[in-house]
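What follows is one structure encoded as structure tokens, with my remarks underneath.
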Amino acid sequence: GQSLEQPSEVTAVEGAIVQINCTYQTSGFYGLSWYQQHDGGAPTFLSYNGLDGLEETGRFSSFLSRSDSYGYLLLQELQMKDSASYFCAVRALTGGGNKLTFGTGTQLKVEL
Amino acid sequence: KAGVTQTPRYLIKTRGQQVTLSCSPISGHRSVSWYQQTPGQGLQFLFEYFSETQRNKGNFPGRFSGRQFSNSRSEMNVSTLELGDSALYLCASSPGAQDIQYFGAGTRLSVL
């Protein structure tokens, strides 16, 4: 089966940098994604890592180490609107399809 | 381009009833996946359809079923509802076997 672990809650102040870690166990690993979900909203795609290394998209960066089964999401210059839940998700190739297994999510609280 | 549309947004049913939820993917997207989201379990994969064929299935009982039509619209059905089926049901579409999934706002099902 597949399992992912990420912290349940992280608190940081506006303007700071925060890192949300994700470790996973899976077979047929293909890539690691990150999604953001505000309360009452739909998950929205943030970043994807198919290969080892860092991917940067504006204030958000994501890192993957396949050998360590580990990744993280880095949020810089935190803003109040970044308060949300963040999910890592493993993409595994099963049945030739697009199956995502999500972690239980990290609730990020940004304070003044 | 319109996003993923799910109907209805809210639904109240009683135990033992059945329910059908609908999802219209983004135009041109052929893959539709369904997820159940609950506070305790997070986002759990139900199934994925591609070109009217179920390509992947999660670990849910047979009471949960789905289908996809030739226009890529998808429906999921839950029969013999149980209290534990109360959840937010999310639909996501993607162009093909790609990682980026675009989520709808979900259908919130309450089983009384």
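Top line first, the protein sequences correspond to chains A and B. Just so we're aligned, residue 1 is where the first sequence starts under this note's numbering, counting upward by one. Just so we're aligned, residue 113 is where the second sequence starts under this note's numbering, counting upward by one. Virtual Cβ for every residue (Gly too), placed ideally from N, Cα, C.
N- and C-terminal bounds of the beta strand (DSSP E) containing residue i
i, result
"A/Asn21", "Val18 to Gln25"
"A/Val110", "Thr106 to Glu111"
"A/Thr101", "Lys99 to Phe102"
"A/Val13", "Glu9 to Val13"
"A/Ser62", "Phe60 to Ser65"
"B/Gly178", "Phe176 to Gln180"
"B/Leu221", "Thr219 to Val223"
Beta carbon of residue i nearer than 8 angstroms to that of residue j
i, j, result
"B/Ser186", "B/Val144", "yes"
"A/Ala42", "B/Ala199", "no"
"A/Phe29", "A/Ala89", "no"
"A/Ser61", "A/Leu46", "no"
"B/Asn189", "B/Gly178", "yes"
"B/Arg175", "B/Thr150", "no"
"A/Gln25", "A/Ser3", "yes"
Interface residues of chain A facing residue i [CB-CB closer than 8 angstroms]
i, result
"B/Ile124", "Here the premise fails: no neighbours, minimum Cβ distance about 18 angstroms."
"B/Gln180", "Going along chain A, no residue has its Cβ under 8 angstroms from B/Gln180, so there is no contact; the nearest lies around 12 angstroms."
"B/Ala217", "Gly41 and Ala42"
Chain B contact residues for residue i, given Cβ-Cβ distances below 8 angstroms
i, result
"A/Leu108", "Going along chain B, no residue has its Cβ under 8 angstroms from A/Leu108, so there is no contact; the nearest lies around 15 angstroms."
"A/Thr104", "Gln153 and Gly154"
Residues sharing a beta bridge with residue i, DSSP
i, result
"B/Asn225", "As displayed, chain B neither begins before 113 nor continues past 224, which places residue 225 of chain B out of reach and without an answer."
"A/Lys81", "Its beta-bridge partners do not exist; DSSP assigns none."
"B/Thr150", "B/Gly154"
"B/Ile138", "Partner(s): none; B/Ile138 has no beta bridge."
Per-residue contacts from residue i into chain A (C-beta, under 9 angstroms)
i, result
"B/Ile212", "Ser33, Phe45 and Tyr48"
Contact list for residue i against chain B, beta-carbon separation under 7 angstroms
i, result
"A/Thr101", "Phe157"
>> Is it the case that the stretch 79 to 89 of chain A contacts the stretch 102 to 110 of chain A, given that we only count it when at least three CB pairs across the two stretches are under 8 angstroms?
In response: yes
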